[in-house]
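**Student:**
Residue numbers (the working numbering): 103 to 203.
1) Would you identify the three-state DSSP class for residue 137, choosing helix, strand or coil?
2) Scan the region 164–199 and note each continuous beta strand (DSSP E) run of 3 residues or more that stays entirely inside, going in chain order.
3) What first and last residue would you give for the alpha helix (DSSP H) that runs through residue 146?
4) Quick check on residue 111: does DSSP put it in helix, strand or coil?
5) Return helix, strand or coil for residue 125, following the three-state DSSP convention.
The following block contains the structure:
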């Protein structure tokens with residue numbers, strides 16, 4: 103399958119934090135950030151030690167994340183396992199994002 107059945111679920115969201123929400127609370131670090139396009143949760147990517155974006159998907163079943171540091175113009179559907187071209191439908195950052203790599 104090369105199509106995503108969940109693009110209709112993409113929402114305009116407000117980012118939950120200026121960095122990975124859980125890593126900021128625990129003092130951990132991340133490599134890249136991912137933004138949930140269902141609720142605005144900011145989590146770290148799978149190259150990060152804690153993989154919070156994927157954990158968020160497993161906990162919530164929210165299907166689509168956006169590459170978020172800076173907004174990169176692509177999304178990923180966890181369910182259909184395909185990339186999505188978001189074009190100009192990216193989420194602006196609420197301020198400077200700290201870097202940890």
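Where is the CB? At the ideal position from N, CA and C, for every residue including glycine.
**Tutor:** Taking the geometry as given:
1) Of the three classes helix, strand and coil, the one that applies to residue 137 here is strand, per DSSP.
2) 166–170, 173–179 and 184–187
3) Residue 146 -> not in any alpha helix (DSSP H); beta strand (DSSP E) instead, spanning 144–146.
4) helix
5) helix
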